[in-house]
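Below: the structure, in structure tokens.
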Amino acid sequence: MNDEIEISESFADVDFPRLERSLRHPRTLLSAFLSLMTGVVTVVACIPLFSVLFMLIYRGGKRLSLSLLTETPPSAFESGGGFGNAIVGTLTMVGIAALIAVPFGILAAVFLAEFGPKSKTASAVRFCAKLLTGFPSILAGVFAYAAVVLLTGTYSAPAGGIALSILMLPIVMLTAEESIKMVPQKMKEAAIGMGATQTQVVWRVILPTAMPGMLTGVMLAVARAAGETAPLLFTALNSNYWIVQDGSLALMEPTASLAVLIFNFSGVPFESQIELAWAAALVLVLIVLVINIVGQVLSRKRVTR
Amino acid sequence: MAITLEGDVPTDSVASPPSSLDVAGDRTFRGMTYMFSWMTIFLVLYILYEIAGKAAPAVKEYGVGFITGTTWDANRGEFGVFPEIWGTLYSAILALMIGGFFGVSIAIFLTQDFLSPKLELVFKNIVELLAAIPSVVYGLWGIYVVIPAIRPTANWIHEHLGWIPFFETSLSGPGMLPAAMVLSIMVLPTISAVSRDAISSVPHKLKEAAFGLGATRWEAIVGVIIPTSATGIFGALVLGFGRALGETMALAMLVGNSNQVSLSLFSPANTLAALLANNFPEAGKQEEGVLMYAALILMAITLLVNLLGTAIMNRASRRLSGVAR
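Going line by line, the protein sequences match chains A and B.
Going by the UniProt record's numbering, the first residue of the first sequence is number 1, and it counts up by one from there.
Going by the UniProt record's numbering, the first residue of the second sequence is number 1, and it counts up by one from there.
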């Protein structure tokens, strides 16, 4: 009897770790508190997006009508009007930019992923592409101004397109490289085994297989370019007229774009122009989101190794 | 080689070696991809050359005084960008503090199994959507939503705590704080995406070992996961900083374009990018050269920060590849 009591007493001295999880324990309390805090922070970070979307629909939706797409911007004291010319201008310039950046980016990506992935050239090119990813968009505008506007002597749509293409290029190139790398090695080997040259392998096997991934990159780049303002401010400037005038294409003229229109109308004291800026913002965000969603859908079809 | 083989192949065979046309096409195509790769390098060099070249006359004329000068008067030909450099750095640092806190918290929250994978994906997409909104739209939103929303609070703080240098002016409209807040929303997706990658590349066994030793979830995060991914998170912050330095439109619309150096969060200020956006379209010949000089300074700062960020990210992935597997 005595022995037993002694044993249980000696056990009482030992400090057993408490293994059950209790919320009153300071450690678990701190843990729960921090979990809650990061959760709150994450939810708070989502507020701006919903606020932006709400304001766009609330203030921009009011003015939404078909005449927005067919008319040109109003002057200060006019009401009504639209920004059809700006939509056409944005599409033209993004189109020019894509025509430059997509072939350029994909050809370079083929080299980076297929022909010389480990070469010194490739690492230098990758480095330059990464530098361009972080390149401020306004400097792309400054460059296009110095290289194109000063050379041609006029603000124009191609100058804007060239500025945008600099911003698109690294996105297209780096995503295309990634998706080319995802093409299974055995598919390439099978093609080479059938006697195809490397060029044939690229055209018949690699590019078709990597297409969804590359298109995702192109879509992301187009969406980014469509929303850019800074590179257009002093390359395409702005205009109140359609890019097609009297049946001829006025490419070498200042060109309107949605983004620059929003910027110019955001700071004016005229209610009708401010309303128009919100409507233009709504249309611009819709365009950008649709392109993004198309890109996302395409990326689901992407091959994975 | 293909030509010498030709003799051995029976003419009725389905298989045939590449014709000389195929070989020529192959060489041309490979040469083209090589050329376009090099053109990327030339493009970067050409951009540097073009901006530096156009800035050179102004650099010669104004020298270092341009960087330390505080007046900008096109009529008198006096130019100095110290307030803009100050504003660029100040706004970027403020944005980094807010955006960094949010971005890293989100990265932790979305990688440490707090939520079901489906919900995690929803939040991840929402944060990514933040990056899809064009900056000019954020600027518009800032003017009509953020500024009116924070003005009463800001002015209350100014009235009661005005002796603190950060609050020494009242917020009358555009200013540093709304600009930095909107800027922080814009850098948040970059920071959260890059640091999420860094955090999720921490090997699982490290975390499991910490749990095995009895660590709570947050003891494992603070004691193991964050230290292991610290380099990557730091790189994310530096890249976010680089993005904040170069961001133009939201600042041009919200910062107030006022040439002054002030610690106050509520006073209007200016940044290099906003200076370019606002002055370039109407600049005369002389001012244009000077703006090129400002562009050169902006380019130097952002290139430096981005190089640093890239170098840190490279180090982070090298270090982690040592830990992993």
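Heads up, the beta-carbon is just placed ideally off N, CA and C, and yes, glycines get one too.
Simplified DSSP assignment, three categories, for residue i
{"i": "residue 245(A)", "result": "strand"}
{"i": "residue 108(B)", "result": "helix"}
{"i": "residue 24(A)", "result": "coil"}
{"i": "residue 118(A)", "result": "coil"}
{"i": "residue 183(A)", "result": "coil"}
{"i": "residue 278(B)", "result": "helix"}
{"i": "residue 155(B)", "result": "helix"}
{"i": "residue 275(A)", "result": "helix"}
{"i": "residue 211(B)", "result": "helix"}
{"i": "residue 173(A)", "result": "helix"}
{"i": "residue 240(A)", "result": "coil"}
{"i": "residue 1(B)", "result": "Model confidence at residue 1(B) stands at a pLDDT of 44, short of 50, so the residue's coordinates are unreliable and nothing is read from them."}
{"i": "residue 310(B)", "result": "helix"}
{"i": "residue 64(B)", "result": "coil"}
{"i": "residue 133(B)", "result": "coil"}
{"i": "residue 117(B)", "result": "helix"}
{"i": "residue 325(B)", "result": "Interpretation of residue 325(B) is limited by its pLDDT of 42, a score under 50 that renders its predicted location unreliable; the figure taken from the coordinates is listed afterwards. Reduced to three states, the DSSP call for residue 325(B) is coil."}
{"i": "residue 302(B)", "result": "helix"}
{"i": "residue 42(B)", "result": "helix"}
{"i": "residue 268(A)", "result": "coil"}
{"i": "residue 210(A)", "result": "helix"}
{"i": "residue 163(B)", "result": "coil"}
Cross-chain neighbours of residue i in chain B, by beta carbon under 9 Å
{"i": "residue 198(A)", "result": "26, 29, 30"}
{"i": "residue 208(A)", "result": "Per Cβ cutoff of 9 Å: no residues; residue 208(A) is ~16 Å from chain B at best."}
{"i": "residue 55(A)", "result": "140, 141, 144, 145"}
{"i": "residue 195(A)", "result": "15, 16, 17, 18"}
{"i": "residue 85(A)", "result": "What residue 85(A) touches in chain B: nothing, since even the nearest Cβ is about 17 Å away."}
{"i": "residue 242(A)", "result": "Chain B residues near residue 242(A): none, gap ~21 Å exceeds 9 Å."}
{"i": "residue 281(A)", "result": "134, 136, 137, 140, 141"}
{"i": "residue 94(A)", "result": "The contacting residues do not exist; residue 94(A) stays about 12 Å from chain B at best."}
Amino acids of chain C, ordered along the chain, whose beta-carbon sits closer than 9 Å to that of residue i
{"i": "residue 168(B)", "result": "Any reference to chain C falls outside this structure, whose protein chains are A and B."}
8 Å Cβ cut-off: residues of chain A touching residue i
{"i": "residue 34(B)", "result": "111, 115, 116, 121"}
{"i": "residue 348(B)", "result": "Residue 348(B) lies beyond the range of chain B shown here (1 to 325); nothing can be said about it."}
{"i": "residue 246(B)", "result": "134, 135, 136, 137, 138, 139"}
Partner residues on chain B for residue i, Cβ-Cβ distance less than 8 Å
{"i": "residue 27(A)", "result": "216, 219"}
{"i": "residue 124(A)", "result": "41"}
Partners in chain A for residue i, counting only beta-carbon separations shorter than 9 Å
{"i": "residue 139(B)", "result": "229, 262, 263, 266"}
{"i": "residue 243(B)", "result": "134, 136"}
{"i": "residue 302(B)", "result": "134, 135, 136, 139"}
{"i": "residue 306(B)", "result": "130, 131, 133, 134, 135"}
{"i": "residue 148(B)", "result": "Within chain A, no residue comes near residue 148(B); the closest Cβ sits about 12 Å away, beyond 9 Å."}
{"i": "residue 113(B)", "result": "Simply none; closest approach about 11 Å."}
Paired residues, beta bridge with residue i - DSSP
{"i": "residue 73(B)", "result": "78(B)"}
Contacts that residue i makes with chain B (C-beta to C-beta distance below 7 Å)
{"i": "residue 299(A)", "result": "What residue 299(A) touches in chain B: nothing, since even the nearest Cβ is about 12 Å away."}
{"i": "residue 130(A)", "result": "310"}
{"i": "residue 143(A)", "result": "47, 50, 51"}
{"i": "residue 357(A)", "result": "The displayed coordinates of chain A run from 1 to 305. Any statement about residue 357(A) would go beyond what the structure contains."}
{"i": "residue 38(A)", "result": "105, 108, 109"}
{"i": "residue 30(A)", "result": "218"}
{"i": "residue 216(A)", "result": "Here the premise fails: no neighbours, minimum Cβ distance about 13 Å."}
{"i": "residue 277(A)", "result": "140"}
{"i": "residue 183(A)", "result": "Simply none; closest approach about 16 Å."}
Proximity test, residue i beta-carbon vs the ligand ZN heavy atom, cut-off 7 Å
{"i": "residue 41(B)", "result": "By its list of ligands, the structure shown contains no ligand whatsoever, and the ligand ZN lies outside what it can speak to."}
Within chain A, partners of residue i - CB distance below 7 Å
{"i": "residue 249(B)", "result": "229, 230, 263"}
{"i": "residue 54(B)", "result": "146"}
{"i": "residue 188(B)", "result": "45"}
{"i": "residue 58(B)", "result": "Correct list: empty, because the minimum Cβ distance to chain A is about 13 Å."}
{"i": "residue 127(B)", "result": "45"}
{"i": "residue 185(B)", "result": "48"}
My parser needs the alpha helix (DSSP H) runs of 4 or more residues fully inside the stretch 34-87 of chain A; what are they? Look at the stretch 34-87 of chain A and you find these whole runs of alpha helix (DSSP H), each 4 residues long or longer: 67-70.
Please confirm if the stretch 290-302 of chain A is in contact with the stretch 59-66 of chain A, defined as three or more CB-CB distances below 8 Å between the two stretches. No, the stretch 290-302 of chain A is not in contact with the stretch 59-66 of chain A.
Count Cβ pairs between the stretch 203-219 of chain A and the stretch 281-299 of chain A that sit closer than 8 Å; are there 3 or more? Contact holds: three or more Cβ-Cβ distances are below 8 Å.
Would you be able to state if there are at least three C-beta pairs under 8 Å between the stretch 144-155 of chain B and the stretch 168-187 of chain B? With three or more CB-CB distances shorter than 8 Å, the stretch 168-187 of chain B counts as touching the stretch 144-155 of chain B.
Taking contact to mean 3 or more Cβ pairs, one atom from each stretch, closer than 8 Å, check whether the stretch 285-296 of chain B and the stretch 42-57 of chain B are in contact. Contact holds: three or more Cβ-Cβ distances are below 8 Å.
What alpha helix (DSSP H) runs, 4 residues minimum, are completely inside the stretch 81-169 of chain A? Listed in chain order, the complete alpha helix (DSSP H) runs (minimum 4 residues) inside the stretch 81-169 of chain A are 84-110, 120-133, 137-144.
Taking only runs of the alpha helix (DSSP H) that begin and end inside the stretch 221-271 of chain B, which ones reach a length of at least 4 residues, in chain order? Within the stretch 221-271 of chain B, the complete alpha helix (DSSP H) runs of at least 4 residues are 226-246, 249-254.
State whether the stretch 137-150 of chain A contacts the stretch 230-244 of chain A, with contact taken as three or more CB pairs (one from each stretch) at a distance under 8 Å. Enough Cβ pairs lie closer than 8 Å, so yes.
Examine the Cβ distances between the stretch 99-106 of chain B and the stretch 248-255 of chain A and report whether three or more of them are shorter than 8 Å. Segment contact: the stretch 99-106 of chain B against the stretch 248-255 of chain A, fewer than three CB-CB distances shorter than 8 Å; contact not assigned.
Any contact between the stretch 161-170 of chain A and the stretch 91-109 of chain A? By contact I mean 3 or more CB pairs, one from each, below 8 Å. The stretch 161-170 of chain A is in contact with the stretch 91-109 of chain A.
Using 8 Å as the threshold, is the stretch 173-180 of chain A in touch with the stretch 198-211 of chain A, meaning 3 or more CB pairs across them? Judged by Cβ distances under 8 Å, the stretch 173-180 of chain A makes contact with the stretch 198-211 of chain A, as three or more pairs qualify.
Kindly confirm or deny that the stretch 179-187 of chain B and the stretch 133-151 of chain B touch, where touching means at least three C-beta pairs closer than 8 Å. With the cut-off at 8 Å, the stretch 179-187 of chain B and the stretch 133-151 of chain B touch.
Using a Cβ distance threshold of 8 Å, determine whether the stretch 51-62 of chain A contacts the stretch 276-292 of chain A, with at least three qualifying pairs required. Yes, since at least three Cβ pairs between the stretch 51-62 of chain A and the stretch 276-292 of chain A fall closer than 8 Å, the two stretches touch.
At a cut of 8 Å, does the stretch 140-155 of chain A reach the stretch 77-94 of chain A through at least three beta carbon pairs? The stretch 140-155 of chain A, when compared against the stretch 77-94 of chain A, does not touch it at the 8 Å Cβ threshold.
With contact counted as at least three CB pairs below 8 Å, one residue from each stretch, are the stretch 26-44 of chain A and the stretch 214-222 of chain B in contact? For the pair of segments examined, the stretch 26-44 of chain A was found to touch the stretch 214-222 of chain B: the number of CB pairs separated by less than 8 Å reaches three.
Three or more C-beta pairs below 8 Å linking the stretch 241-259 of chain B and the stretch 33-40 of chain B: Counting Cβ pairs under 8 Å, fewer than three are found: no touch.
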